[in-house]
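Trainee: A single structure is presented below for examination.
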């Protein structure tokens with residue numbers, strides 16, 4: 001795919017793009033406000049529909065997101081973040097547009113529920129993984145900033161929905177099974193138009209966010225621009241891309257020496273020369289040029305290029321110089337700039353482990369440069385767990401359980417707070433303008449705060465505090481319509497639950513990348529999110545039926561939050577000591 005120069009971005013732009021995409025996906029949290037209008041609209045065509053029925057739409061959105069999140073991670077690895085985000089955005093935009101044309105509960109479940117969830121699943125991890133590549137040392141903060149868009153979405157779209165559908169703050173005028181609904185009239189008539197306008201706003205945000213996403217391979221090429229200019233003068237290169245092609249040729253030669261690929265000539269190619277190599281199976285292939293000579297490559301190719309440019313053997317200059325050598329077999333070869341590389345240890349095929357950028361000779365405590373290897377270096381080998389290995393690990397299932405228990409209470413709260421509020425003593429505009437807005441800001445700030453805190457205090461300690469805070473707010477929320485009857489305490493408790501709830505989605509992606517590796521972090525989180533989505537589908541469908549009143553519902557949800565804290569303790573107590581063991585990483589045993 002041809003790269004347009006003005007679309008080249010940096011870390012801040014990529015994170016901003018992720019924020020905009022999650023701002024659209026975060027309209028999931030506006031369902032607590034939208035359900036009043038949507039349910040009343042569906043009741044015009046079927047008077048038996050209730051809030052307990054339409055919560056299935058919300059549950060199916062979560063399930064749809066979970067079902068395709070793994071696929072979204074695999075697509076991102078295959079085609080890159082920009083193309084993967086574009087695919088998911090089509091579903092996000094199409095969901096409200098199609099929903100404006102349906103009038104039945106099940107049709108609305110398929111369009112606004114499943115289709116929107118599919119779009120969220122395909123897009124959710126794409127900007128996160130892209131941000132991790134730009135800022136690998138600050139994964140928690142990156143998660144928090146990008147996912148704050150998910151939380152802030154309700155702040156923006158709750159107001160839009162309320163103004164477009166009920167600008168005069170009309171009160172629900174129909175009571176059915178102790179719940180209040182809007183009857184046929186101006187509010188229900190405005191719902192289809194609202195859905196069309198939402199679709200148009202989503203399209204604008206998705207296009208902008210998608211164009212801002214990009215992997216950091218371009219930054220690495222530009223960092224070595226001065227050295228490339230010197231190389232061109234010395235060797236008479238005709239293209240700024242030739243240095244990159246030389247690296248490709250060196251890598252292919254290394255693979256040949258290892259017996260993993262056919263030989264090919266790493267000669268300098270002209271700018272317009274066809275992308276053909278002898279044998280036709282180079283491990284990296286050109287996909288398109290831009291004016292400075294950089295090229296867009298897939299994430300897998302980018303990861304391989306970064307790994308193979310580590311300072312290995314003699315002549316290696318590392319990543320920053322852009323001309324790292326590669327160790328080959330027992331002999332040697334010339335790298336992409338004509339320097340002789342002597343092979344110490346094994347080749348690029350991974351026959352010997354590369355630890356901290358240093359190759360260690362087998363049976364020796366010294367590296368190939370003659371320096372003594374650090375004691376315990378093998379203990380620091382970075383683990384990379386594939387999705388097929390992940391499903392066999394008890395640690396992964398335990399993480400899934402902790403994640404589900406921690407997030408379920410917040411999901412139910414954010415899906416039911418408005419229907420509960422307007423059915424007791426609160427009006428529509430207060431619920432949208434105050435409760436919805438404050439809880440949205442709290443959700444966004446919680447993602448940033450808890451992500452920042454996990455980088456400093458550790459994920460486990462942070463999760464303990466988070467779960468206890470969430471349980472406390474839930475128990476208090478149950479009293480705000482009874483003994484502590486107060487509209488402001490009602491708003492405060494909902495905001496507190498939202499603040500704690502958002503932290504789960506900032507901490508767990510980073511924790512999963514730390515435990516199971518960054519390379520497959522997107523599909524791995526997709527698998528764990530799949531378990532969470534299916535469990536949430538059951539929980540959201542069952543809990544409101546079992547506890548229709550607020551106080552007993554809050555007691556149940558608070559107990560679930562405390563159980564999540566116990567699950568996190570078990571995860572730390574049972575598995576963390578094993579992670580410090582020597583030898584091969586115990587996650588792969």
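Residue numbers (UniProt numbering): 1 to 589.
Beta carbons: idealized from backbone N, C-alpha and C, even for Gly.
So what does DSSP say about residue 447, is it helix, strand or coil?
Mentor: Looking at residue 447 - three-state DSSP - the assignment turns out to be helix.
Trainee: Just mark residue 245 as buried or exposed, buried being the case when its beta carbon has 16 or more other beta carbons within 10 Å.
Mentor: For residue 245, the predicted structure reports a pLDDT of 39, less than 50, and the residue's modelled location is therefore unreliable. A value from the coordinates is still provided. Buried: at least 16 other Cβ atoms inside 10 Å.
Trainee: In three-state DSSP terms, what is residue 180?
Mentor: Looking at residue 180 - three-state DSSP - the assignment turns out to be strand.
Trainee: When we look at the beta-carbon of residue 208 and count the other beta-carbons within 10 Å, is it buried (16 or more) or exposed?
Mentor: So residue 208 ends up on the exposed side.
Trainee: I'd like the ranges of any alpha helix (DSSP H) spanning at least 4 consecutive residues and lying wholly in the segment 91-137.
Mentor: Runs found: 105-108, 116-123, 125-134.
Trainee: Could you check whether residue 29 and residue 190 sit closer than 8 Å to each other, using their CB atoms as the reference points?
Mentor: Cβ atoms of residue 190 and residue 29: not closer than 8 Å.
Trainee: Helix, strand or coil for residue 598? Go by DSSP, reduced to three states.
Mentor: As displayed, the chain neither begins before 1 nor continues past 589, which places residue 598 out of reach and without an answer.
Trainee: Whole angstroms are fine: how far does the CA of residue 472 sit from the CA of residue 424?
Mentor: Spanning the two alpha carbons is a distance of roughly 22 Å.
Trainee: By Cβ distance below 6 Å, which residues in the same chain neighbour residue 124 in space, the five residues on each side in sequence not counted?
Mentor: For residue 124, where only same-chain residues beyond five positions count, the Cβ hits under 6 Å are 69.
Trainee: Report yes if the CB atom of residue 461 is closer than 8 Å to the CB atom of residue 506, and no otherwise.
Mentor: For residue 461 and residue 506, no; Cβs fall outside 8 Å.
Trainee: Can you tell me the Cβ-Cβ gap for residue 516 and residue 383, rounded? I've got them flagged as a contact below 8 Å.
Mentor: That pair is a contact at about 7 Å.
Trainee: I need the DSSP call for residue 49, collapsed to helix, strand or coil.
Mentor: If DSSP states are grouped into helix, strand and coil, residue 49 belongs with coil.
Trainee: Count the C-beta pairs between the segment 107-125 and the segment 393-405 that are closer than 8 Å, then say yes if the count reaches three, no if not.
Mentor: These segments do not touch.
Trainee: What are the boundary residues of the alpha helix (DSSP H) that residue 388 is part of?
Mentor: Per DSSP, residue 388 belongs to the alpha helix (DSSP H) from 387-390.
Trainee: With DSSP as the reference, please indicate the residues paired to residue 175 in a beta bridge.
Mentor: Residue 175 is bridged to 180.
Trainee: So, for residue 429: in the same chain, excluding its five sequence neighbours on each side, which residues have a beta-carbon less than 6 Å away from its beta-carbon?
Mentor: Here the set comprises 169.
Trainee: For the alpha helix (DSSP H) that residue 216 lies in, which residues bound it at each end?
Mentor: Run containing residue 216: none; DSSP gives neither H nor E here.
Trainee: Quick check on residue 520: does DSSP put it in helix, strand or coil?
Mentor: Coil at residue 520, not helix or strand.
Trainee: Using CA atoms only, rank isn't needed, just tell me which of 412, 178, 130, 417 is closest to residue 538.
Mentor: Here the closest residue by C-alpha is 412.
Trainee: Let me know the secondary structure DSSP gives residue 208 once reduced to three states.
Mentor: Helix at residue 208.
Trainee: Buried or exposed: which applies to residue 108, given that a residue is buried once 16 or more other Cβ atoms fall within 10 Å of its Cβ?
Mentor: Result: buried.
Trainee: If I'm right that residue 532 touches residue 32 with Cβ under 8 Å, what's the distance once you round it to whole angstroms?
Mentor: Actually they do not touch by this definition, with Cβ atoms about 19 Å apart.
Trainee: Quick check on this structure: which residue in 192, 450, 50 has the alpha carbon closest to the alpha carbon of residue 180?
Mentor: Of 192, 450, 50, the residue nearest in Cα terms is 50.
Trainee: Please classify residue 27: is it buried, with 16 or more other beta-carbons within 10 angstroms of its beta-carbon, or exposed?
Mentor: Its Cβ being crowded by 16 or more others within 10 Å, residue 27 is buried.
Trainee: For a test of the three-state rule: what should DSSP assign to residue 168, helix, strand or coil?
Mentor: Residue 168: coil per DSSP, three-state reduction.
Trainee: DSSP three-state call for residue 16: helix, strand or coil?
Mentor: Three-state DSSP puts residue 16 in a helix.
Trainee: Relative to the ligand NAP, is the shortest distance from any of its heavy atoms to the C-beta of residue 153 smaller than 7 Å?
Mentor: The ligand NAP is absent from the structure shown, which contains no ligand whatsoever.
Trainee: Under the three-state reduction of DSSP, which class applies to residue 485: helix, strand or coil?
Mentor: Residue 485: coil per DSSP, three-state reduction.
Trainee: Where does the unbroken alpha helix (DSSP H) through residue 417 begin, and where does it stop?
Mentor: Residue 417 -> alpha helix (DSSP H) spans 394-422.
Trainee: By alpha-carbon positions, which one of 438, 498, 184 ends up nearest to residue 43?
Mentor: Checked all of 438, 498, 184; the closest Cα to residue 43 is 184.
Trainee: Figure out for me which residue from 194, 175, 555, 529 has the closest Cα to the Cα of residue 390.
Mentor: That would be 529, whose Cα lies nearest to the Cα of residue 390.
Trainee: State the start and end residues of the unbroken alpha helix (DSSP H) segment that holds residue 472.
Mentor: Note, residue 472: alpha helix (DSSP H), 459-477.
Trainee: Taking residue 385 as the reference, give the member of 202, 559, 513 with the closest Cα.
Mentor: Residue 513 is the option with its Cα nearest to residue 385.
Trainee: Just verifying my parser: in three-state terms, what is the DSSP assignment at residue 384?
Mentor: Correct three-state label for residue 384: coil.
Trainee: Just the C-alpha distance for residue 17 and residue 477, rounded to the nearest angstrom, thanks.
Mentor: Spanning the two alpha carbons is a distance of roughly 35 Å.
Trainee: Among the candidates 40, 445, 554, 552, whose CA atom is the shortest distance from the CA of residue 504?
Mentor: The shortest C-alpha separation from residue 504 is found at 445.
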